[in-house]
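Structure first, then comments.
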């Protein structure tokens, strides 16, 4: 989430671009290092091309999913939760 926020903060504080870039490069490198053998095992190495786009999309997706889960009860794995 903090990486997503860093993109938003760059609008008001452009002098922080070096720190934000370093954080993104570190995060993407660590994720690629971990995901490469996993994706190779499943035969999906081409998904590494989209890692940057998916990193940006994940924070809003996770936040929205969590908030929607709070809005009421739902059925999960055949059980009703509240």
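Numbering (our numbering), first residue to last: 375 to 456. Ideal Cβ positions, reconstructed from N, Cα and C, are used throughout, including at glycine. If you're wondering where the values come from, they're calculated on a predicted model, not measured in any experiment.
Look at the alpha carbon of residue 414 and the alpha carbon of residue 400, and state the distance between them as a whole number of angstroms.
Stepping through the chain shown from its first residue, residue 414 is reached at position 40. Stepping through the chain shown from its first residue, residue 400 is reached at position 26. Roughly 21 Å between the two C-alpha positions.
For the alpha helix (DSSP H) that contains residue 398, what are its first and last residues?
Translated into the one-based positions of the chain shown, residue 398 becomes position 24. That run of the alpha helix (DSSP H) goes 391-415.
Would you give the residue range spanned by the beta strand (DSSP E) that residue 448 belongs to?
Taking the chain shown and counting its residues from 1, one reaches residue 448 at position 74. Run containing residue 448: 448-450, per the beta strand (DSSP E) assignment.
Would you report the Cα separation of residue 426 and residue 434, rounded to the nearest angstrom?
For the purposes of this step, residue 426 is identified with residue 52 of the chain shown, where counting begins at 1. For the purposes of this step, residue 434 is identified with residue 60 of the chain shown, where counting begins at 1. Cα to Cα, residue 426 sits roughly 14 Å from residue 434.
Quickly, what does DSSP pair residue 454 with across the bridge? List them, please.
One-based indexing of the chain shown puts residue 454 at position 80. Bridge partners of residue 454: 449.
Can you give me the Cβ contacts of residue 382 inside the same chain, cut-off strictly under 8 Å, excluding the 5 residues immediately before and after it?
In the chain shown, the residue the question calls residue 382 occupies position 8. Once the five neighbours on either side are set aside, residue 382 has no close Cβ partner at all.
State the DSSP-derived secondary structure class of residue 387, mapped to helix, strand or coil.
Your numbering for residue 387 matches position 13 in the chain shown. The answer is coil: DSSP assigns residue 387 none of H, G, I, E or B.
For residue 419, which residues of its own chain have a beta-carbon under 8 Å away from its beta-carbon, when the five flanking residues on both sides are left out?
Locating residue 419 in the chain shown gives position 45, where the first residue counts as 1. Counting only Cβ-Cβ distances below 8 Å, and skipping sequence neighbours, we find 410, 413.
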